[in-house]
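One structure is given here, and the rest of the page talks about it.
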Amino acid sequence: MNIASDQPQAILLVPTSAGAGLTSACLGLIQALDTIGLKAGFLKPFMQNELNGPGLDRSTALVSRTLNQRPPSPISQARLERLLRDDQTDELMEDVIELFDQVTRQAYRDGSALDLVVVEGVVPTQHTTYATQTNAQLAHALNARIILVGTGDLHEPQRLAEELDMHARSFGGVSSKRTLGGILMRMKNLPYGGHEDELSAAPGTVKPQLEEPVLEELRRYSPFLATESFHLIGIVPQSKTLTAPRTLDVARALDARLLNEGDAAGRRVMSTSLCARSAANALHIFTPGSLVVASGDRDDVILAAALATMNGTKLAGVLLTNGFMPNDNMIEMCRPALRTGLPVLAVETDSLTTAQNLTQINREIPLDDFERAEQVARYVAAHMDLDWLKANLSRGYTRRLSPSAFRFQLVKQAQQAKKRIVLPEGNEPRTVEAAIICQRRGIADCVLLGQREEIENVARHRGLTLPEELAIIDPESTRASYVGPMVERRRGKLNELTAEAQLQDNVVLGTMMLAMDEVDGLVSGAIHTTANTVRPAFQLIKTAPEYNQVSSIFFMLLPEQVVVYGDCAVNPDPDAETLAEIALQSARSAEAFGIEPRVAMISYSTGDSGSGVDVDKVREATRIARERAPHLAIDGPLQYDAAAIESVGKQKAPDSPVAGRATVFVFPDLNTGNTTYKAVQRSAQVVSVGPMLQGLNKPVNDLSRGALVDDIVYTIALTAIQAGQRNG
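Yeah, the sequence shown ends on 728 if you go by the UniProt record's numbering, and it's all consecutive.
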């Protein structure tokens, strides 16, 4: 099974400001995508308490009810901020990948496969100063394409253009391939839209468009706006109806008492009117949808509201201020109006303060206002460019496996494999800690070779407790049992004395355990050289039937994607035949771990630009590999920059299927490969996982002697997955 090969494409909606209508944009986009036959899930990775308020996450609940989905609950704001403070972004993004995976799996359980997942980004507020940085990290972790969600006034085009341009810079700018375009929400002063008849319009029926003078003005401040580089996917007019809160929402926001609840959950506040004059001089405010605000001792206003109600005017309600309550006789006189559902609210604040508080009410869709959510989804979808969405999203996006997704999928698939991995360096402190982590997380059942007392002391000094199920085998108690099988396996090359001597090395002992199927894989190298780890495997495990060589790869966790480097640890100077086999092994390994293989055969020249023995070897290796795997995207010779950087690849090898997009880099010799991997790892502070050996009958993997605990954990996971794939 390939890691992450079936993951849907992620579309990250990034708001340019608070109040941009982010959740509404998500609802409308998902409904628009459904109209063109693309099934989209929804994910909100992070809770934002200051926008959401207490209780369930508003966006997740609305999507769940409105679109009949079951998205997972977001990560709490407290955990988000703690991990950011502790500089544990990797762990945070792995949590996000777990949520993304839950969305996909839930869709499968519900009987459908997702084409896309719409992801709601972090809203920038005074508190969330980390919003831009976190959205950029989300984009990298999910390999997401970006849609900016903005709002504004066409009378202020400079402000709108500069805001979009500024936020796009975190993702490569408005002209980058990652940035799809923008959705403009709640736009003021549009030359069209906002009509009541559009509230029930079908998706895509109101074509997003701006007049050419307006477009020219926008491009004046940001040249790529509203072009093929940055498409305006939706332009949604401000709708007074769809931003109108229910009377119940007003009561909650003001912490008002409901003297008569009536139809507070069904009536919407289209306008608020402060009645400071006598009722006779303010009859014009008693209109449908009006919330009449007056002091509680204004009997004339209360009576006027009751009379208007009895005459069929459906007021949003009456809001009484100053803490004054109408007397019982007045309430009784108004009883017929109250029975029609007229809401009556009361607050302690004075009328002016109350009016000011009303202007500051959050206009986002409340958690339980499903009617408004459904209307908003339809309205936003009606203003989407469906033709553009179909043309640009149906054709997909170059799949990249991000470091966060790679780490998450490693752990997940290792947990599913349930393999037993022997660790010959059983008393080495980093190895002990890694074994404990793997055992507790279910990554693998680890077997430590060493004396129990010594291993327990190591754990105690690191403040760790050994899990009961973690196996510890004392080599002294078991070496003798492997002498005979080892002599048999290397008949004619060993006798009992030499076998017994070699078995004093725990790596050899662990390799024999693997050869006899007592364990499923071996990881060593924290205190041993690569030769110490690999030589026993060559002698006792041998190569797989389909291969003649053993080689190695590193998984290089670059900032935006994971790529494969091979061979950087085993073959000093491979000939063309061997180099071709390394390329095929590396491509197969990449594919098995969710990386779409596009293989670049690296040399000091590109194409036919150079000659000589070394470049001819790479050219011949490319020819052999193509013959053996004609389906594989492979090209060479390519210089590293031509293989890795799109602009250089287009210039140096414009017809290459690999140039500028390579995911597997095959180096011509060990000198080049090892030097390059270490230069990238150290200079760019890139995490590398490996070396992972390929071509053996059973998985044996080496560690760098500078390996961190996490490096060992992920190498154990790699080994468990290799064992599971071989068994499968």
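We put the beta carbon where it would ideally sit given N, CA and C, even for glycine.
Query	Result
According to DSSP, what are the bridge partners of residue 98?	According to DSSP, residue 98 bridges with nothing at all.
DSSP puts residue 12 in a beta bridge; with which residues?	119, 146
With DSSP as the reference, please indicate the residues paired to residue 237 in a beta bridge.	187
CB residue 543 to CB residue 697, shorter than 8 Å?	yes
How far does the alpha helix (DSSP H) with residue 690 in it reach, from first residue to last?	Counting along the chain, residue 690 falls outside any alpha helix (DSSP H), though it belongs to the beta strand (DSSP E) covering 687-694.
Which first and last residues belong to the alpha helix (DSSP H) in which residue 684 is found?	Premise fails: residue 684 is in no alpha helix (DSSP H) and is neither H nor E.
For residue 459, which residues in the same chain have their Cβ closer than 6 Å to its Cβ, ignoring the five residues on either side in sequence?	432, 466
State the DSSP-derived secondary structure class of residue 812, mapped to helix, strand or coil.	The structure shown has nothing for residue 812, since the chain only spans 1 to 728.
If you reduce the DSSP assignment to three classes, tell me which class residue 197 lands in.	The pLDDT assigned to residue 197 is 49, lower than 50, so where the model puts this residue is not dependable; a value taken from the coordinates is nonetheless given after this. Correct three-state label for residue 197: helix.
Closer than 6 Å by C-beta to residue 656: which residues in its own chain qualify, once you throw out the five before and the five after it? Chain order, please.	635
Determine the extent of the beta strand (DSSP E) in which residue 427 is found, giving its start and end residues.	No beta strand (DSSP E) holds residue 427; DSSP gives it neither H nor E.
Measuring only the C-alpha atoms, how far is residue 389 from residue 99?	25 Å
Examine the Cβ distances between the region 679-698 and the region 541-558 and report whether three or more of them are shorter than 8 Å.	yes
With a threshold of 8 Å between beta-carbons, can residue 150 be considered close to chain B, or not?	Protein chains in the displayed structure number just one, and chain B is not present.
With C-beta atoms as the reference, is residue 424 less than 8 Å away from residue 449?	yes
Whose C-alpha, out of 359, 50, 66, is nearest the C-alpha of residue 41?	66
Are the region 51-61 and the region 132-143 in contact at 8 Å, needing three or more beta carbon pairs?	no
Beta-carbon within less than 6 Å of residue 641's beta-carbon, same chain only, minus the 5 sequence neighbours each way: which residues are those?	648
Below 6 Å CB to CB, which residues in the same chain sit around residue 37 once its five sequence neighbours on both sides are set aside?	none
Tell me whether the beta-carbon of residue 408 lies closer than 8 Å to the beta-carbon of residue 91.	no
Residue range of the alpha helix (DSSP H) that residue 272 falls in?	Segment 271-274 is the beta strand (DSSP E) holding residue 272; no alpha helix (DSSP H) there.
What do you get for residue 278, buried or exposed, if any count of 16 or more other CB atoms within 10 angstroms of its CB means buried?	exposed
Please classify residue 507: is it buried, with 16 or more other beta-carbons within 10 angstroms of its beta-carbon, or exposed?	buried
Extract the residue ranges of the alpha helix (DSSP H) inside the region 315-348, only unbroken runs of 4 or more that lie entirely within it.	328-333, 335-339
Could you name the residues of the same chain whose beta carbon sits closer than 6 Å to that of residue 520, not counting the 5 residues immediately before and after it, in chain order?	419, 420, 723
Determine contact between the region 253-267 and the region 308-322, defined as no fewer than three beta-carbon pairs at a distance below 8 Å.	yes
Which whole runs of the alpha helix (DSSP H) in the region 466-534 are 4 residues long or more, in chain order?	483-489, 496-502, 506-515
What's the C-alpha gap between residue 115 and residue 39?	5 Å
Could you give the uninterrupted runs of the beta strand (DSSP E) lying entirely in the region 617-643, keeping only those of 3 residues or more?	633-638
Quick one: grab the DSSP three-state call for residue 86.	coil
Sorted by chain position, which residues of the same chain lie with C-beta nearer than 8 Å to residue 124's C-beta, five sequence neighbours on each side aside?	15, 16, 17, 18, 131, 132
Tell me whether residue 443 sits in a helix, a strand or coil according to DSSP, three-state version.	coil
Output yes or no for whether 8 Å exceeds the beta carbon distance between residue 103 and residue 11.	no
Taking C-beta to C-beta, are residue 665 and residue 643 nearer than 8 Å?	yes
On the three-state DSSP scale, how would you describe residue 231?	strand
Could you have a look at residue 28 and say whether DSSP puts it in helix, strand or coil?	helix
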